[in-house]
């Protein structure tokens, strides 16, 4: 009677090391299947993977990741932030103020600030975004627009983000000139709120596809930021005893509405042709009608001095 291998009789594999190696390989393969390919690549790819989870519904992430790269970088939002910071430093250092927390006459006399009595200088309806009332003001705007604008620009590119941002800035100043005609404007809040409004609508519409477990947290954070910032703007407008021009809060609302319309269309049309989307034309026509009405109001009906 031949020798019986106890391991074979017991049903154990002859080569335990080989089986263990195969099990480890199967486990690794399963992990690779569970984890997207971006997790196995470099920092840039991993970053894009997380961006896609926060910015896009599930059915669009694969398309985005196939073409995603870090070139070109999100140049619009970076350049606009550098410009705003440079103007702030100019008025805080080269034109020294009493304090950095709240800049005074330097910014009010700036050719960039929107002032109702000088609204015939049309560039002020956009250029006011470069001027900020203090270090808290500019830090808040820069943090928000960089944290939100960079991922948005990586997904939707600079043209879309630029149009939404500038559309919010212009909508903010025009809305302020209509509903708060005696107040001045400084700061990029109109553009920042346009980005927030567009992203919020995208998050609400695609709630189930954009990390549902974090959906409530994401929306809650946006609501807290908006309520806090608008509340502070209302305080500065109606309750603050600081001397100088009163800064309008309406630009926040105008920019937010622009973002929830135009921004929503831009940010929910990834990998689709905007010109074939009827929502795009509806929003564009509505925005143009608003621009025409605001221009006529400022020329013929505004109670603010000329």
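Residue numbers (the UniProt record's numbering): 1 to 306.
Backbone N, C-alpha and C define an ideal beta-carbon position, used for all residues, glycine too.
Simplified DSSP assignment, three categories, for residue i
i	result
residue 195	helix
residue 188	coil
residue 49	helix
residue 68	coil
residue 276	helix
residue 81	helix
residue 270	coil
residue 206	coil
residue 286	helix
residue 295	helix
residue 304	coil
residue 200	helix
residue 56	coil
Buried/exposed call for residue i, threshold 16 Cβ in 10 Å
i	result
residue 145	buried
residue 180	buried
residue 82	exposed
residue 75	exposed
residue 294	buried
residue 216	exposed
residue 283	buried
residue 301	exposed
residue 199	buried
residue 159	exposed
residue 208	exposed
residue 72	exposed
residue 67	exposed
residue 288	exposed
residue 292	exposed
residue 278	exposed
residue 141	buried
residue 202	buried
residue 89	exposed
residue 228	exposed
Residues that residue i bridges to, as DSSP identifies them
i	result
residue 152	None, per the DSSP bridge assignment.
For residue j and residue i, the rounded distance between their alpha carbons
i	j	result
residue 61	residue 153	15 Å
residue 54	residue 220	15 Å
residue 305	residue 296	15 Å
residue 270	residue 156	7 Å
residue 42	residue 162	28 Å
residue 224	residue 58	26 Å
residue 276	residue 135	43 Å
residue 177	residue 45	45 Å
residue 112	residue 174	15 Å
residue 303	residue 182	8 Å
residue 138	residue 49	30 Å
residue 285	residue 231	32 Å
residue 92	residue 85	10 Å
residue 322	residue 190	Outside the shown range of the chain, which is 1 to 306, sits residue 322, and nothing can be said about it.
residue 235	residue 64	42 Å
residue 51	residue 299	44 Å
residue 250	residue 172	7 Å
residue 108	residue 267	35 Å
residue 164	residue 149	10 Å
residue 166	residue 192	9 Å
residue 226	residue 69	31 Å
Any non-hydrogen atom of the ligand ATP closer than 8 Å to residue i Cβ
i	result
residue 269	As far as ligands go, the structure on display features none, and thus does not contain the ligand ATP.
Could I get the ranges of all uninterrupted beta strand (DSSP E) runs contained in the region 215-263, with 3 residues as the minimum, in chain order? none
Residue ranges of each alpha helix (DSSP H) run of no fewer than 4 residues wholly in the region 107-182, ordered along the chain? Listed in chain order, they are 124-127 and 135-179.
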